[in-house]
Amino acid sequence: MVIMKMQSLRRELSAGHRPLHETCIALIRLFGSKGFGTRGLELLAAMGKLNYDIRRAWILLVEELVRGRFMEDANRVFLKGANGGLRATDELYDLMIEEDCKVGDHSNALDIAYAMEEAGRMATTFHFNCLLSVQATCGIPEISLATFENMEYGGEDYMKPDTESYNWVIQAYTRAESYDRVQDVAELLGMMVEDHKRIQPNVKTYSLLVECFSKYCVVREAIRHFRALRKFEGGTKVLHHEGKFGDPLSLYLRALCREGRIVDLLEALEAMAKDNQPIPPRAMILSRKYRTLVSSWIEPLQEEAELGYEIDYVARYVAEGGLTGERKRWVPRRGKTPLDPDCDGFIYSNPMETSLKQRCLEDWRTHHRKLLKMLRNEGLAALGDASESDYLRVEERLRKIIRGPDRNVLKPKAASKMLVSELKDELEAQGLPTDGTRNVLYQRVQKARRINRSRGRPLWVPPVEEEEEEVDEEVDELISRIQLHEGDTEFWKRRFLGEGFDGNHVKPVDVEASELPDELDEDEDDDDDDDDIEDVAKEVEDEEADEEGGVEVEEQSESQDAERIVKAKEAEAKKPLQMIGVQLLKDSDQTSRMSKKSRRRAARLAVADDDDDDWFPEDILEAFKEMRNRKVFDVEDMYTIADAWGWTWEREVKKRPLHRWSQEWEVELAIKLMLKVIELGGTPTIGDCAMILRAAIRAPMPSAFLKILQTTHSLGYQFGSSLYDEIISLCVELGELDAAIAIVADLETAGIAVPDQTLDRVISAKQAPESAAEETLS
Numbered sequence: 001m002v003i004m005k006m007q008s009l010r011r012e013l014s015a016g017h018r019p020l021h022e023t024c025i026a027l028i029r030l031f032g033s034k035g036f037g038t039r040g041l042e043l044l045a046a047m048g049k050l051n052y053d054i055r056r057a058w059i060l061l062v063e064e065l066v067r068g069r070f071m072e073d074a075n076r077v078f079l080k081g082a083n084g085g086l087r088a089t090d091e092l093y094d095l096m097i098e099e100d101c102k103v104g105d106h107s108n109a110l111d112i113a114y115a116m117e118e119a120g121r122m123a124t125t126f127h128f129n130c131l132l133s134v135q136a137t138c139g140i141p142e143i144s145l146a147t148f149e150n151m152e153y154g155g156e157d158y159m160k161p162d163t164e165s166y167n168w169v170i171q172a173y174t175r176a177e178s179y180d181r182v183q184d185v186a187e188l189l190g191m192m193v194e195d196h197k198r199i200q201p202n203v204k205t206y207s208l209l210v211e212c213f214s215k216y217c218v219v220r221e222a223i224r225h226f227r228a229l230r231k232f233e234g235g236t237k238v239l240h241h242e243g244k245f246g247d248p249l250s251l252y253l254r255a256l257c258r259e260g261r262i263v264d265l266l267e268a269l270e271a272m273a274k275d276n277q278p279i280p281p282r283a284m285i286l287s288r289k290y291r292t293l294v295s296s297w298i299e300p301l302q303e304e305a306e307l308g309y310e311i312d313y314v315a316r317y318v319a320e321g322g323l324t325g326e327r328k329r330w331v332p333r334r335g336k337t338p339l340d341p342d343c344d345g346f347i348y349s350n351p352m353e354t355s356l357k358q359r360c361l362e363d364w365r366t367h368h369r370k371l372l373k374m375l376r377n378e379g380l381a382a383l384g385d386a387s388e389s390d391y392l393r394v395e396e397r398l399r400k401i402i403r404g405p406d407r408n409v410l411k412p413k414a415a416s417k418m419l420v421s422e423l424k425d426e427l428e429a430q431g432l433p434t435d436g437t438r439n440v441l442y443q444r445v446q447k448a449r450r451i452n453r454s455r456g457r458p459l460w461v462p463p464v465e466e467e468e469e470e471v472d473e474e475v476d477e478l479i480s481r482i483q484l485h486e487g488d489t490e491f492w493k494r495r496f497l498g499e500g501f502d503g504n505h506v507k508p509v510d511v512e513a514s515e516l517p518d519e520l521d522e523d524e525d526d527d528d529d530d531d532d533i534e535d536v537a538k539e540v541e542d543e544e545a546d547e548e549g550g551v552e553v554e555e556q557s558e559s560q561d562a563e564r565i566v567k568a569k570e571a572e573a574k575k576p577l578q579m580i581g582v583q584l585l586k587d588s589d590q591t592s593r594m595s596k597k598s599r600r601r602a603a604r605l606a607v608a609d610d611d612d613d614d615w616f617p618e619d620i621l622e623a624f625k626e627m628r629n630r631k632v633f634d635v636e637d638m639y640t641i642a643d644a645w646g647w648t649w650e651r652e653v654k655k656r657p658l659h660r661w662s663q664e665w666e667v668e669l670a671i672k673l674m675l676k677v678i679e680l681g682g683t684p685t686i687g688d689c690a691m692i693l694r695a696a697i698r699a700p701m702p703s704a705f706l707k708i709l710q711t712t713h714s715l716g717y718q719f720g721s722s723l724y725d726e727i728i729s730l731c732v733e734l735g736e737l738d739a740a741i742a743i744v745a746d747l748e749t750a751g752i753a754v755p756d757q758t759l760d761r762v763i764s765a766k767q768a769p770e771s772a773a774e775e776t777l778s
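Residue 45 in the UniProt record's numbering sits at position 45 of the sequence shown, with consecutive numbering throughout.
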């Protein structure tokens with residue numbers, strides 16, 4: 001049909017007739033819809049010879065080509081017309097840049113942007129965001145950063161970055177495959193918080209931040225941003241992203257399990273249930289020990305569960321495809337060590353997890369480390385009405401908690417100094433032969449220790465009874481008076497203004513830094529929840545002064561530093577063509593930039609050269625007064641990320657009391673976790689069920705036995721008879737006859753045979769109280 005219309009037009013032209021303008025426009029639309037860009041250009045040339053206005057026809061041709069997804073012809077026709085002096089409409093410029101970026105054609109999008117600027121229309125945030133959408137997927141985040149800085153320091157409001165701009169750059173850094181980029185993301189996060197009055201994060205921002213911090217094992221920051229993400233409906237679905245990009249939701253769940261943060265894991269599963277997001281199969285973390293996130297955090301770690309029957313490991317190896325080569329193995333990424341053991345393929349080689357017990361102990365010590373620092377900063381004022389002796393008692397108590405139990409007892413005795421009986425005890429505990437002379441036993445012990453060391457196993461030490469910790473209620477009451485004021489911005493504002501001090505703020509005893517416990521120095525970075533993005537905390541969360549009872553000098557000067565940086569960037573932005581910074585695409589290998597930390601360091605050196613500003617009072621009250629006089633720090637700049645983004649739940653979480661570990665609590669959490677995983681479509685393994693049951697036996701918790709067994713049987717698993725016999729016998733020994741009878745009834749319902757000896761034991765235990773009662777009555 002197109003050919004027939006062209007032939008008709010040629011006949012009209014050869015006959016000397018002048019076609020109507022409307023006829024040419026109709027043909028232009030037809031050529032554009034069919035993707036005939038070359039013929040459209042020929043028709044435009046013919047229209048030009050007839051002195052027709054070809055601008056409208058050119059715009060229509062380009063629009064029809066774009067609508068038909070003929071982007072190559074559309075770009076060629078557009079650029080030829082633009083180079084010929086035709087000016088497109090604003091809508092066409094936007095359409096072309098947007099569509100080119102959607103298909104990843106960054107070069108043509110950039111050329112069109114330059115043509116738009118030459119035509120007198122400057123690039124706006126919309127155009128920059130389109131370019132960022134392509135640059136974020138090219139694998140070189142420095143290119144995205146160059147475009148972003150061109151926006152940030154351009155000086156015009158219409159080109160300032162918005163939330164989408166930050167999202168693209170964060171995505172570029174998060175999904176870069178080169179090396180750990182978490183510090184770059186932290187700097188971007190700090191800039192976004194500084195600009196909180198203009199822009200606020202959205203669900204994509206939070207999901208990208210959770211993805212980043214999970215990928216690079218900064219779990220506490222991932223938890224904070226996940227709490228913000230779950231406030232959005234469908235937030236976990238956005239995080240899952242249909243399993244793409246390494247399945248960030250699975251990474252997050254597995255990171256929580258690996259660090260023993262089971263309370264936070266349950267909160268995450270509750271959020272998934274709210275969003276109707278099933279648990280991804282990859283999140284279950286099937287390991288070589290046949291345990292998943294349901295039980296891989298329960299002590300003893302890194303051990304396979306006891307199922308009550310012998311396992312034929314050869315048969316299992318064959319069933320997994322060991323003879324045919326189909327048995328899956330974990331292989332790290334080719335040519336490089338994984339950034340995180342929690343990457344693709346990891347499911348076949350489980351990392352070293354932290355148990356819930358270890359996590360509770362670490363949190364307990366970290367909390368008391370903060371209390372000790374606050375006590376030393378505040379002095380007697382932190383304890384209220386107390387004496388110096390009370391101060392010393394509290395300090396010694398906190399130091400003892402931080403130091404923990406004596407670790408020397410965990411070292412084994414030298415084999416050459418051990419008695420024959422001690423050598424035999426060590427060999428017997430490891431299942432090794434104990435016959436032979438002392439020299440034979442000595443050599444056997446030495447060999448066993450060498451093997452354990454080479455395989456990374458702990459050396460055997462004789463069991464030591466833990467001394468019961470003495471409880472001093474008076475000291476505990478004094479410790480409870482110490483207030484940390486974490487995240488309490490108003491408190492630190494008042495403190496900066498000189499309010500809240502009294503004569504007791506001086507410490508009664510001077511304690512040098514060298515006298516601090518080793519743990520206080522080693523784990524200094526763990527002192528608050530923002531330690532993992534330390535630079536962001538120093539730039540944005542100025543209330544971090546709670547560690548030193550005030551604000552550090554280098555934090556005070558950052559307002560001036562920021563002004564100098566902005567002025568320098570404004571000077572750079574005065575160069576012609578605002579898009580010129582994007583030319584770094586052509587020489588990205590030479591892209592280099594100065595980090596914020598380097599700029600702050602240079603600014604501090606410049607300040608240090610000034611003789612008037614290189615001194616500062618040592619007394620905290622005088623220091624605050626001097627800072628107010630110099631006006632180097634504004635009280636309005638004291639805010640946290642929680643203040644800027646309205647995280648109302650942050651303070652509630654900080655006030656939540658620490659939970660002391662207990663075996664009963666661990667079992668309760670395990671049962672809740674198992675039931676929640678099943679609800680979300682996950683399938684615990686028989687190893688999970690056995691580990692939870694073994695934890696209940698250690699407690700012991702007869703009330704939990706039946707629930708665990710019923711869940712296990714509902715999944716189609718059966719334990720060995722020895723395990724069932726052990727459970728029933730334990731119930732009888734503890735006098736829980738009702739629990740024993742209920743377990744026997746459940747086994748019979750599930751079709752599991754109960755040995756006659758076990759039944760006799762339960763019946764005799766049941767009849768004993770009855771016969772005793774009859775004798776009493778008689």
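A virtual CB, placed ideally from N, CA and C, is assigned to each residue, including glycine.
No experiment lies behind these values; they were computed from the predicted model shown.
How would you label residue i, buried or exposed, when you count the other beta carbons within 10 angstroms and need 16 or more for buried?
i, result
"residue 529", "Caution is warranted here: a pLDDT of 42 is assigned to residue 529, below 50, making its placement in the model unreliable, and the coordinate value is therefore given only provisionally. So residue 529 ends up on the buried side."
"residue 691", "buried"
"residue 276", "exposed"
"residue 225", "buried"
"residue 135", "buried"
"residue 421", "exposed"
"residue 259", "buried"
"residue 700", "buried"
"residue 204", "buried"
"residue 509", "Any answer about residue 509 is weak, because its pLDDT of 44 lies below 50 and its placement is not dependable; what the coordinates show is given next. Exposed is the call here."
"residue 171", "buried"
"residue 745", "exposed"
"residue 188", "buried"
"residue 152", "buried"
"residue 837", "Given that the chain is displayed from residue 1 to residue 778, the structure contains no residue 837 and the question cannot be resolved."
"residue 83", "exposed"
"residue 616", "exposed"
"residue 571", "Confidence is the limiting factor: at residue 571 the pLDDT is only 48, short of 50, which leaves the residue's position unreliable and the question unanswerable from this model."
"residue 820", "No information on residue 820 is available, as it lies outside the stretch 1 to 778 that the chain covers here."
"residue 73", "buried"
"residue 704", "buried"
"residue 218", "buried"
Taking residue i as the reference, which of the options has the closest Cα?
i, options, result
"residue 87", "709, 179, 321, 120", "120"
"residue 105", "116, 634, 137", "137"
"residue 738", "750, 711, 752, 767", "767"
"residue 479", "401, 306, 371, 743", "371"
"residue 67", "29, 44, 40", "29"
"residue 154", "178, 124, 130", "124"
"residue 667", "263, 168, 101", "263"
"residue 672", "150, 293, 320", "293"
Can you round the beta-carbon distance between residue i and residue j to whole angstroms, since I take them to be within the 8 Å contact cut?
i, j, result
"residue 112", "residue 78", "7 Å"
"residue 256", "residue 280", "Not a contact, Cβ separation roughly 14 Å."
"residue 247", "residue 282", "5 Å"
"residue 215", "residue 174", "7 Å"
"residue 670", "residue 295", "7 Å"
"residue 357", "residue 661", "5 Å"
"residue 638", "residue 492", "6 Å"
"residue 27", "residue 43", "6 Å"
"residue 213", "residue 221", "4 Å"
Along the chain, where does the alpha helix (DSSP H) containing residue i start, and where does it finish?
i, result
"residue 477", "473-480"
"residue 101", "90-102"
"residue 702", "702-714"
"residue 683", "That residue, residue 683, is in no alpha helix (DSSP H); it is neither H nor E in DSSP."
Is any heavy atom of the ligand GTP found at a distance shorter than 7 Å from the C-beta of residue i?
i, result
"residue 158", "Although the ligand GTP was asked about, the structure shown includes no ligands whatsoever."
Does any C-beta atom of chain C lie closer than 8 Å to the C-beta of residue i?
i, result
"residue 241", "Looking at the structure shown, chain C is missing, and only one protein chain is on hand."
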